[in-house]
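Numbering (our numbering), first residue to last: 125 to 487.
Right, here's the structure in full:
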């Protein structure tokens, strides 16, 4: 918008799950609920407004083969933006995407640095591949490089057993998490399997990605410690195809992946019912396309989350968890406008009417 321009949003502004306003104004790129002096010259947008959506597990600067060039990273970020995702927690990337912070037209990114994995126990070209004696040092390095998060690979297929196995001994991961916390960073971990979860939670981890291995034994531990999960259900949907591709070589692993997939909805619903914080993330940027956050929210409702809870997982609750503002007085005007009430049908998230980033209408 031109300098001094004012945007007037009329309709229903979903400031929070229980707070709805009739209008807001954007002045100087920031939200205000007070009518400005120049209101008569404002550009008016009508509809149902939400804070800019959050993809809490996304990878900008990464594809199925490893790091990508800046042009590809830009395309990924623009695809997310046009889908209404204006805040990304980048859950591991080997690319330097700091240049995105200087672009007013691209989403805001909270980085977890580069994945940290056990040697030859993760996807090639993605991670620092190290042994447990080096874990503390690498966690400290990524804590300093990131934006308050560090990403571990908590389990992966072990070729010696032919199934998913934990990657780190408890003592090493406990020391590493303590070091991250000392440096002011939270720690999350990729985990598919059951047995890797309790040691990570007991070591003080803050979040688990995917969390397909949650059971009635570990869900109470997550709830008691306040450990969040980001289920990435649009990614878990690919498990049967992955199992088919690996069955000839790793039949135990393939069977395990199918079982985790079959109970995925029950797992997420049980965690939510127990009070485990659940947030929306797509795992875009590996083998999945960007711009899938609306589909992930639909998946959360299929798992049994109420519509408002699924919306909160990508809006109010997610922003609060990540320490970023929503539609509050003086906050940056990062918002998405829809034709109808997303609380009534979350599928409307797939069709934004307007996308406003830093006060500018960008889509």
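Just so it is clear, CB atoms sit at the ideal spot from N, CA and C, and this is done for glycine as well.
Closer than 8 Å is the cut-off here; do at least three beta carbon pairs connect the stretch 298-309 with the stretch 337-353? no
Under the three-state DSSP convention, the category residue 456 falls into: If you number the chain shown from 1, residue 456 lands on position 332. Looking at residue 456 - three-state DSSP - the assignment turns out to be strand.
Rounded C-beta distance between residue 421 and residue 434? I'm assuming under 8 Å. Within the chain shown, the letter at position 297 stands for residue 421. Within the chain shown, the letter at position 310 stands for residue 434. The Cβ separation is near 5 Å, so the contact holds.
Cα-Cα separation, residue 144 to residue 133: Position 20 of the chain shown, counted from the start, is the residue given in the question as residue 144. Position 9 of the chain shown, counted from the start, is the residue given in the question as residue 133. Their backbone Cα atoms lie some 13 Å apart in a straight line.
Taking the alpha-carbon positions, what's the residue 287 to residue 477 distance? To locate residue 287, count along the chain shown from 1; it is residue 163. To locate residue 477, count along the chain shown from 1; it is residue 353. So the two alpha carbons sit approximately 46 Å from each other.
Consult DSSP for residue 300 and reduce its assignment to one of helix, strand or coil. Against the chain shown, residue 300 aligns to sequence position 176. The answer is helix: DSSP assigns residue 300 an H, G or I state.
Return helix, strand or coil for residue 462, following the three-state DSSP convention. As a working mapping, residue 462 is identified with position 338 in the chain shown. If DSSP states are grouped into helix, strand and coil, residue 462 belongs with the strands.
Given 6 Å as the limit, tell me if residue 393 has its C-beta closer than that to any heavy atom belonging to the ligand ZN. The ligand ZN is not among the ligands present in this structure, which contains no ligands whatsoever.
For residue 266, count neighbouring Cβ atoms within 10 angstroms of its own Cβ and tell me buried if that reaches 16, exposed if not. As a working note, residue 266 is residue 142 in the chain shown. Looking at its Cβ environment, which holds 16 or more other Cβ atoms inside 10 Å, residue 266 is buried.
Among 171, 130, 203 and 355, which one has its Cα closest to the Cα of residue 409? In the chain shown, residue 409 corresponds to position 285, counting from 1. Considering only 171, 130, 203 and 355, the residue with the shortest C-alpha distance to residue 409 is 203.
With 16 other CB atoms within 10 Å as the buried threshold, where does residue 381 fall? For this step, residue 381 is matched to residue 257 along the chain shown. The residue in question, residue 381, is buried, as its Cβ has 16 or more Cβ neighbours within 10 Å.
With DSSP collapsed to three states, give me the class of residue 138. Within the chain shown, the letter at position 14 stands for residue 138. DSSP places residue 138 in strand when its eight states are reduced to three.
Measuring alpha carbon to alpha carbon, tell me which of 158, 247 and 292 ends up nearest residue 256. If you number the chain shown from 1, residue 256 lands on position 132. The shortest Cα separation from residue 256 among 158, 247 and 292 belongs to 292.
Threshold first: 3 residues or longer. Then list the beta strand (DSSP E) segments lying entirely within the stretch 216-296, N to C. 232-235, 240-242, 252-254, 273-277, 279-282 and 287-290
Helix, strand or coil at residue 338 according to DSSP, with G and I counted as helix: One-based indexing of the chain shown puts residue 338 at position 214. Of the three classes helix, strand and coil, the one that applies to residue 338 here is coil, per DSSP.
With a threshold of 7 Å on Cβ separation, who are the neighbours of residue 377 within its own chain once the five nearest residues in sequence on each side are excluded? Here residue 377 refers to the residue found at position 253 when the chain shown is read from its first residue. Cβ within range, chain order: 281, 286, 287, 288 and 370.
Pairs of beta-carbons, one from the stretch 217-227 and one from the stretch 193-208, closer than 8 Å: are there three or more? yes
In whole angstroms, give me the CA-to-CA distance for residue 125 and residue 453. Translated into the one-based positions of the chain shown, residue 125 becomes position 1. Translated into the one-based positions of the chain shown, residue 453 becomes position 329. Model confidence at residue 125 stands at a pLDDT of 47, short of 50, so the residue's coordinates are unreliable; what they give is reported in the following sentence. The alpha-carbon atoms of residue 125 and residue 453 are separated by roughly 20 Å.
Looking at C-alpha atoms only, which residue of 217, 173 and 163 is the closest neighbour of residue 193? Residue 193 sits at position 69 when you count from the first residue of the chain shown. Checking every option, the nearest Cα to that of residue 193 belongs to 217.
Per-residue DSSP class, three states only, for residue 307: By 1-based counting over the chain shown, the position of residue 307 is 183. Judged by DSSP in its simplified three-state form, residue 307 adopts coil rather than helix or strand.
Cα-Cα separation between residue 232 and residue 444, rounded to whole angstroms: The sequence position of residue 232 within the chain shown is 108, counting from 1. The sequence position of residue 444 within the chain shown is 320, counting from 1. Straight-line Cα distance between these residues: approximately 15 Å.
Which partner residues does residue 188 have in the DSSP bridge list? Against the chain shown, residue 188 aligns to sequence position 64. None, per the DSSP bridge assignment.
Please return the same chain residues whose Cβ sits closer than 6 Å to the Cβ of residue 419, not counting the five positions on each side in sequence. Here residue 419 refers to the residue found at position 295 of the chain shown. Result list for residue 419: 358, in chain order.
Based on the DSSP output, what are the partners of residue 175 in its beta bridges? Counting from 1 along the chain shown, the entry for residue 175 is found at position 51. 459, per the DSSP bridge assignment.
Test item: CB-CB of residue 402 and residue 353 under 7 Å: Walking along the chain shown from the start, residue 402 turns up at place 278. Walking along the chain shown from the start, residue 353 turns up at place 229. Yes, they are a contact pair.
Contact between the stretch 313-322 and the stretch 268-281: three or more CB pairs below 8 Å? By the C-beta criterion, the stretch 313-322 is judged to be in contact with the stretch 268-281, since at least 3 inter-stretch pairs fall below 8 Å.
Helix, strand or coil, according to DSSP, for residue 362 in the structure here? Here residue 362 corresponds to residue number 238 of the chain shown, with the count starting at 1. In the structure shown, residue 362 sits in coil (DSSP, three-state: anything other than H, G, I, E or B).
Is it a yes or a no for the stretch 149-156 touching the stretch 204-212, going by three-plus beta-carbon pairs under 8 Å? no
Alpha-carbon spacing of residue 429 relative to residue 162, whole angstroms: Taking the first residue of the chain shown as 1, we reach residue 429 at position 305. Taking the first residue of the chain shown as 1, we reach residue 162 at position 38. Linking residue 429 to residue 162 through their CA atoms gives a straight-line distance of about 43 Å.
Tell me the DSSP bridge mates of residue 167? Walking along the chain shown from the start, residue 167 turns up at place 43. Looking at the DSSP assignment, residue 167 forms a beta bridge with 131.
Assuming contact is defined by CB atoms lying nearer than 7 Å, are residue 173 and residue 411 in contact in what I supplied? As a working note, residue 173 is residue 49 in the chain shown. As a working note, residue 411 is residue 287 in the chain shown. No; because the gap between Cβ atoms is not below 7 Å, this pair is not in contact.
Secondary structure at residue 444, three-state DSSP: helix, strand or coil? Here residue 444 refers to the residue found at position 320 of the chain shown. Helix.
8 Å CB neighbourhood of residue 130 in its chain, flanking five on each side removed: The residue labelled residue 130 in the question sits at position 6 within the chain shown. Result list for residue 130: 149, 150, 151, 160, 162, 163, 165, 166 and 167, in chain order.
Between the stretch 174-181 and the stretch 453-467, do three or more beta carbon pairs fall short of 8 Å? yes
Outcome for residue 466 when other beta-carbon atoms lying within 10 angstroms are tallied against a minimum of 16: Within the chain shown, numbered from 1, the residue matching residue 466 stands at position 342. It is buried - the Cβ of residue 466 has at least 16 other Cβ atoms within 10 Å.
Length of the line joining the Cα atoms of residue 238 and residue 346: Sequence index remark: in the chain shown, residue 238 carries index 114 (1-based). Sequence index remark: in the chain shown, residue 346 carries index 222 (1-based). For residue 238 and residue 346, the distance between alpha carbons rounds to 25 Å.
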